[in-house]
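Notes to accompany the following structure.
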Amino acid sequence: MEQTASLSQPTRRGAAAARRRVRTQEILAATRALFDERGVRDAQIEDIARAVGINRAIVYRHFSGKEELFALTLVGYLDELRGLLDAADDRTAPCTDRLVALVSTFADYGIGHPAFVDCAQSLMGRTGPELLDEVSEETALKLGRAISGCLVVLTTVLDQGRESGEFSVSDPHVLANVLYASALGALQLGRVGILVRELAPGTPATAEISAPQVKDFLVSSAVALAVHGITSHA
């Protein structure tokens, strides 16, 4: 009897852990669906809970807060993006062509998933210590791995282009991070569709800009930075 009881306790704990993992994935899937449907700003915890069939208190049993939920949802986007980047990278092609393909893939993904851009920008608005105060170390590690997983595809191409003489890049890691951060901002500009210029001194005006124009700019600027070089003073 005692042996049976002692064996059943780990079994119950294992079953409870499995149910918790399933529920966590259900919440993340609901969050992603609402992000894609409504955008980050309009996705409320109550709506996420309702989609899963639970109350909001249960959501907070699985996540430390809204920031952690958003961070793990971003991990899902980044993992999906990593697969697309890997598929787009033809390792037999010249590095310049590979860079064009990677930046184009990133831009297309951002244009097609505006909530990804919003989510990434929202988390980038916090300093490292601030983010660590809002999410668990495990979540921070998952997010770091997801970002670095995408960046390593780009960094590898930049590094190989430097070795082949196609690129003049002092630090591929710096350029990869700069391209990632600047692309998020540019994609937001393409979504807004409006840029500001000066018609005459002190006279501002607006003009239209499209997502394809932003994509073309991102591609051409990435190639220019890689070919002509970016200097790191780190």
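Per my numbering: the sequence shown = residues 23 to 256. In this text, a Cβ means the ideal position worked out from N, Cα and C, and glycines have one as well. As the structure is a computational prediction, the values presented were derived from the model and not from experiment.
Span of the beta strand (DSSP E) around residue i
i: I21; result: The structure shown does not extend to residue 21, since the chain is modelled only from 23 to 256, so the question has no answer here.
i: T178; result: Careful: T178 lies outside any beta strand (DSSP E), inside the alpha helix (DSSP H) at E159 to S186.
i: A93; result: Careful: A93 lies outside any beta strand (DSSP E), inside the alpha helix (DSSP H) at K88 to A110.
i: A229; result: T225 to E230
Cβ shell of residue i (< 7 Å), same chain only, five flanking positions each side left out
i: V97; result: K164, L165 and A168
i: E230; result: G215 and I216
i: A37; result: none
i: L106; result: T127 and Y131
Segment limits, alpha helix (DSSP H) that includes residue i
i: A115; result: Element bounds for A115: n/a, residue is neither H nor E.
i: I76; result: No alpha helix (DSSP H) contains I76, which DSSP labels as neither H nor E.
i: F138; result: P136 to M146
i: S243; result: A233 to H250
i: G150; result: G150 to E156
Cβ neighbour criterion (16 or more within 10 Å) applied to residue i
i: T114; result: exposed
i: M23; result: Confidence in M23 is poor, its pLDDT being 47 and thus under 50, which makes the residue's placement unreliable; the coordinate value appears in the next sentence. M23 should be labelled exposed.
i: G183; result: buried
i: E59; result: exposed
i: A233; result: buried
i: R78; result: exposed
i: T228; result: exposed
i: A109; result: exposed
i: A65; result: buried
C-alpha distance - residue i paired with residue j, whole-angstrom precision
i: H255; j: V196; result: With a pLDDT of 48 at H255, under the threshold of 50, the predicted position of this residue should be treated as unreliable, and no value is reported.
i: G212; j: F128; result: 14 Å
i: E188; j: L209; result: 27 Å
i: V81; j: Q47; result: 11 Å
i: G75; j: D140; result: 26 Å
i: E89; j: I70; result: 14 Å
i: S186; j: L145; result: 36 Å
i: D193; j: L176; result: 12 Å
i: R219; j: T225; result: 9 Å
i: T95; j: A222; result: 45 Å
i: R63; j: R120; result: 34 Å
i: E102; j: T33; result: 33 Å
i: A85; j: Q235; result: The sequence given here places Phe at residue 85; Ala does not occur at that position. Near 39 Å, if we compare the C-alpha coordinates of Q235 and F85.
i: A142; j: P116; result: 30 Å
Cβ-based neighbour list, residue i, same chain, cut-off 8 Å, excluding 5 preceding and 5 following
i: H294; result: This structure gives no information on residue 294, because the portion of the chain shown stretches from 23 to 256.
i: G61; result: P136, A137 and D140
Selection from the options that minimises the alpha carbon distance to residue i
i: S204; options: T225, K237 and E159; result: K237
i: A162; options: V175, R148 and V174; result: R148
i: A246; options: E68, F57, V122 and A73; result: V122
i: G87; options: E102, G105, S170 and D155; result: D155
i: A248; options: L201, R43 and Q143; result: L201
Cβ-based neighbour list, residue i, same chain, cut-off 6 Å, excluding 5 preceding and 5 following
i: Y99; result: F138
i: L29; result: Low confidence applies here, because L29 scores a pLDDT of 49, under 50, leaving its location unreliable; read the following figure in that light. Same-chain partners within the cutoff: there are none.
Within-7 Å CB hit, residue i to chain B
i: L209; result: Annotation note: the requested chain B is absent from the structure, which comprises a single protein chain.
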